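Residue numbers (the working numbering), protein chains in the order written: chain A, 1 to 354; chain B, 1 to 373; chain C, 1 to 186.
Just so it is clear, CB atoms sit at the ideal spot from N, CA and C, and this is done for glycine as well.
Treat the numbers as computed from the prediction; the structure is a model and nothing was measured.
What follows is a set of notes on a single structure, which appears directly below.
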Amino acid sequence: MNISLSITKNIHDWLLSIMPESAANIVEMVLIGLLYLAIFAILGLFLVLLERRIAAWFQLRIGPNRVGFHGLLQTMADALKLLSKELTGTTKADKFLYNLAPYFVIVSSLMALAVIPFTKEFHAFDINIGIFFLIAISSVGVIGILLGGWASNNKFALIGAMRSGVQTISYELSVALSLLTMIIITGSLQLSEIIEVQKSGWLIVQGHIPAIIAFMVFMISGTAESNRAPFDMVEAESELGAGFHTEYSGMKFAYFFLAEFINMFIIAAIAATVFFGGWLSPFGITESIPWLGVFWFLGKTFILVFLMMWFRWTFPRLRVDQLLTLEWKYLLPINLVNIIIMALIVWLNLTIQF
Amino acid sequence: MQETTIDKSFKTEPYQINMGPQHPATHGVLRLVLTIDGEIIKKVEPDLGYIHRSIEKMCERDSYQQIVHLTDRMDYLSSHINNEAVCLTVENALELEIPERVKYVRTIIGELTRIASHCLWWGVMGMDVGALTTYFYGFRDREMINDIFEETCGARLTMNYNVPGGLMFDIHPNFVKRTKDFIAHFKTKLPEYDRLLTENVIFQKRTKGVGILSKEDAISFGATGPVGRASGFSCDVRKHHPYSALDKVTFNEALKTEGDTFARYQVRIQEMWESLSIVEQLIDNIPEGDFRVATKAVIKLPKGEFYQKVETARGELGVYIISTGTKNPYRLKFRSPGFSNLSLLNHISVGGKIGDLVATMATLDLVIPDIDR
Amino acid sequence: MTNEELQDLIGSWFPNPETDKFSEIVEASETEGSSEEALEPSKPINPSLLEFTQEGSQFLNINVNPKQLHALMNQLKSNEQTNFDYLFCLSGVDWGEALGVVYHLESTTHRHTIVVKANTKDREKPTLDSVYNIWATAEFHEREVFDFFGIKFNNHPNLKRLFLTDDWEGYPLRKDYVDEINMVIK
């Protein structure tokens, strides 16, 4: 645990003073878990609201503006409504898997959230294989989608789930390879080290051309990975009704919904960390105030989130075969060549460093 | 000994899935029974009748003035043109001399209706291929037309502005000015449509070469309107059998030869430009005069058969009246464009993906009450 | 082509055997000089099996016997001079004692229009030949006619109820259809 903010240190000392060390550690973990759950919920609700306001802005509408100040409590009210709704389901559904599926999705995105470095101090789990962990965990969520679609006993849901499986397996490659391209520069999988390296220039500047290509590939495949338009084949409301979550209602639906938004945040956060220096301020202008890092990090992330929302509200959806063509015939070869170029650049010391 | 052979090969079989009657892409209560192999469509079988009201039977009971009102409820997006079709049939049968003013106003409102219908179609087309924003842009422009209609005839959708013999009331004093404002506004907005959707690479990939309908098939299936014209079938009733003031204007029939989904899309966009030009040619020259000629309170058509075709936003609408000389028609048949266009859905969507079917269906521009008359 | 030319051309495809018989009989009577009865026609014999009329309609109407319907339609479509390739309206009509189908045809090359009517007196099992293999649009329109008038179409690939449910009794657009609950009769 790499927590050294004074508040957390105070809590840590206080806990140690009233209970043995092992118990204190467990209590601390539970507290951190609860904190991350809270972040998860608030972030999810805020992202939904953001999406709705941005969508409204694109679509000549006003969007939610009645509940709370400028509609800030709108999604809270929606969540309360979803909580109070009846949990329906199909009669012949596989009850166990059907109920399990939302938790797969939500737990995988929650785990991914754990390794995101908000600032130098605010980083729950700075594991030395951070990027690898993220890539591995982010593809677990698809199991939940597949299970949900399969167990719903609904053909539309099944088609949606199968599409999701195909899509995630394909685009997983590009996500991993585009991150791998950047790992060649950093030489480390640990997220905090990746950010340290960027003190001499963000990676997108250090790696210049191949880094920009990798960033574009990452954003495309990341959008696909989080099943958002124009890659929302999984839901494709004009084709499949609601796709894999057709048969889910109430809070179980909300889990899927929240997880989708958290996944989008995670993709944007990885991009901000790996390509844009995470919590580092541009040109180190606020280096003396370390806690400002969280604002820089969130600012960069939300700019990228906005980019993904921009995609969503302007592009039509791809067809499922075009989706696979894009990955296997374009993104993957580009990526492989890009890695070689990046390796050459690093080998020949052609990176730009300040 | 009897040998039993077990087939160990990995077998797949097509399955059936119900698209509709409550499905976002069927735009109403159309039910399609799809036979699918994975994602590939093997067969599309429409199941109709969820909102069939038997308007044709009701017409046999109603007077000719009443029938006009029923036609609103067929293709509600071309309600004015539907009304016009019945009125023209009755007027031709009675050999009434219709004032020029009526003809001009009918044509102007008819073309505005067509633009409004195409605006809505464009929005929904985008939504069907996954671009939700188009919907609101289409509705923004359609709203202006609806406001013009509301001011003149009090209704926005089911207009009932036509009566046999003319119009229900004269146009509103603001009509000409607001129509001109709309033309000026829409001329700047139509290129925006192209920038947002037509020129999008994903959209073109989704629509080009999808749902191809050859010219022979288009004629054989009776595909009219933009669907037929995208296949090269010159079927614009406004050109071949001009009615109202359409013989006084010059316009191009939007024709394409590709016959795919993108061609149908382009034909409709082109038609909006043509409709704008028709309105522009007429709006300054609306002659003074009566807005209606007097008809008898009870209209009795002479004995005989009368057929009138008009071009609605979806294609050729035919009104076939068999009269025995009484105040009700003996038989009234509506040849609705949507019904014929639906019949070719199976033909052009087999072999495509589910996504293709949705895109194809969007460009057929089906209005279900038009099919379920 | 004008309506008169169309009438002459189409009429010539289906010569009336009565006229042939008449000429044969005349020839026979010249040689044998017998069977003179019933040869004097009270009205001029139609040289064709088809009845043409333009009365009360803006188009040329052809009344055709159901037996010749399919052959006539096939010829109308495939003949170069007529080339009626566009069936724009197919309506079922209950004429009272007979049930019929009215076909409105147009040629997209010559731009002439014609109306073909085929009636059947059998109200119990009315049957006509399907024209779906000539114009594909007929498949759905014939299903509609079957649904509302109960006219069966031979060789139709998929003749079943289109709008109504399969167990619906009666054919609603017939004049003798009674539904006391749903129909408002004035």
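Own chain residues within Cβ distance below 7 angstroms of residue i, not counting five before or after
i              : result
residue 56(A)  : 62, 63
residue 74(B)  : 55, 82, 334, 336, 369, 370, 373
residue 30(C)  : Residue placement at residue 30(C) is poorly supported in this model, since its pLDDT is 49, which falls under 50; the coordinates still yield a value, given next. Correct list: empty, nothing qualifies.
residue 89(B)  : 306, 308, 319, 321
residue 34(C)  : Model confidence at residue 34(C) stands at a pLDDT of 46, short of 50, so the residue's coordinates are unreliable and nothing is read from them.
residue 40(C)  : Bear in mind that a pLDDT of 49 at residue 40(C), under 50, signals an unreliable position, so the number given afterwards is only what the model happens to contain. Nothing listed; no residue qualifies.
residue 26(C)  : Per-residue confidence for residue 26(C) stands at a pLDDT of 49, beneath the threshold of 50, marking its modelled position as unreliable; the derived number appears in the next sentence. Correct list: empty, nothing qualifies.
residue 124(A) : 32, 36, 114
residue 134(A) : 112, 115, 270
residue 32(C)  : Caution is warranted here: a pLDDT of 49 is assigned to residue 32(C), below 50, making its placement in the model unreliable, and no coordinate value can be reported.
residue 174(B) : 151
Contact with chain C by residue i, beta-carbon distance below 7 angstroms
i              : result
residue 142(B) : no
residue 239(B) : no
residue 222(B) : yes
residue 331(B) : yes
residue 212(B) : no
Nearest residue (CA-CA) to residue i, options the options
i              : options                        : result
residue 232(B) : 239(B), 216(B), 309(B), 246(B) : 216(B)
residue 65(C)  : 48(C), 79(C), 125(C)           : 48(C)
residue 239(B) : 263(B), 257(B), 278(B)         : 278(B)
residue 95(C)  : 183(C), 120(C), 77(C)          : 120(C)
residue 118(C) : 127(C), 134(C), 100(C)         : 100(C)
residue 205(A) : 17(A), 350(A), 307(A)          : 350(A)
residue 271(B) : 262(B), 263(B), 254(B), 264(B) : 254(B)
residue 335(A) : 102(A), 178(A), 250(A), 164(A) : 178(A)
residue 50(B)  : 175(B), 70(B), 20(B)           : 20(B)
residue 255(A) : 104(A), 265(A), 25(A)          : 104(A)
residue 131(C) : 124(C), 141(C), 122(C), 125(C) : 141(C)
is_contact[residue i, chain A] using C-beta, thresh 7 angstroms
i              : result
residue 131(B) : yes
residue 25(B)  : yes
residue 358(B) : yes
residue 205(B) : yes
residue 251(B) : no
residue 202(B) : yes
residue 128(B) : yes
Beta-carbon proximity list for residue i, same chain, < 6 angstroms, skipping 5 on both sides
i              : result
residue 117(B) : 77, 78, 313
residue 38(C)  : For residue 38(C), the predicted structure reports a pLDDT of 47, less than 50, and the residue's modelled location is therefore unreliable. A value from the coordinates is still provided. Around residue 38(C): no qualifying Cβ.
residue 104(B) : 245, 282, 286
residue 192(C) : There is simply no residue 192(C) to check, as chain C begins at 1 and stops at 186 in what is shown.
residue 146(B) : 156
residue 213(B) : 231, 259, 348
residue 205(B) : none
residue 197(A) : 186
residue 67(A)  : 73, 74, 77
One or two residues paired with residue i in a DSSP bridge
i              : result
residue 45(B)  : 33(B)
residue 306(B) : 321(B)
residue 292(B) : 166(B)
residue 350(A) : None, per the DSSP bridge assignment.
residue 19(B)  : 32(B)
residue 60(C)  : 114(C)
CB contact below 7 angstroms: residue i versus chain B
i              : result
residue 57(C)  : yes
residue 128(C) : no
residue 2(A)   : With a pLDDT of 45 at residue 2(A), under the threshold of 50, the predicted position of this residue should be treated as unreliable, and no value is reported.
residue 173(C) : yes
residue 60(A)  : yes
residue 98(C)  : no
8 angstroms CB neighbourhood of residue i in its chain, flanking five on each side removed
i              : result
residue 401(B) : Nothing can be reported for residue 401(B): it is not among the residues displayed for chain B, which extend from 1 to 373.
residue 39(A)  : 113
residue 93(A)  : 151, 152, 153, 247
Cβ-heavy atom distance, residue i to the ligand MG, below 6 angstroms
i              : result
residue 275(B) : Among the components of this structure there are no ligands whatsoever, and the ligand MG is therefore not found.
Check your understanding: Listed from N- to C-terminal order along the chain, which residues in the region 148-165 of chain A have their beta-carbon within a distance smaller than 9 angstroms of any beta-carbon of chain B?
Key -> Within the region 148-165 of chain A, the qualifying residues are 155, 156, 159, 162, 163.
Practice item. Anything in the region 335-346 of chain B with a Cβ closer than 8 angstroms to a Cβ of chain C? List those residues in chain order, please. Key: Contact annotation: in the region 335-346 of chain B, residues whose CB is within less than 8 angstroms of a CB in chain C are 335, 339, 340, 342, 343, 344.
Practice item. For the region 311-338 of chain A, enumerate the residues whose C-beta is nearer than 7 angstroms to any C-beta of chain B, in chain order. Key: Cβ contacts with chain B come from 313, 314, 315, 316, 317, 318, 319, 320, 321, 322.
Review point. Taking any Cβ of chain C, which residues in the region 34-56 of chain B have a Cβ under 8 angstroms from it, in chain order?
Key: Those residues of the region 34-56 of chain B that come within reach of chain C (Cβ to Cβ, closer than 8 angstroms) are 48, 49, 52, 54, 56.
Exercise for review: Report the residues of the region 293-311 of chain B with a CB closer than 8 angstroms to any CB of chain C, ordered along the chain.
Suggested key: Answer in chain order: 302, 303, 304, 305, 306, 307, 309.
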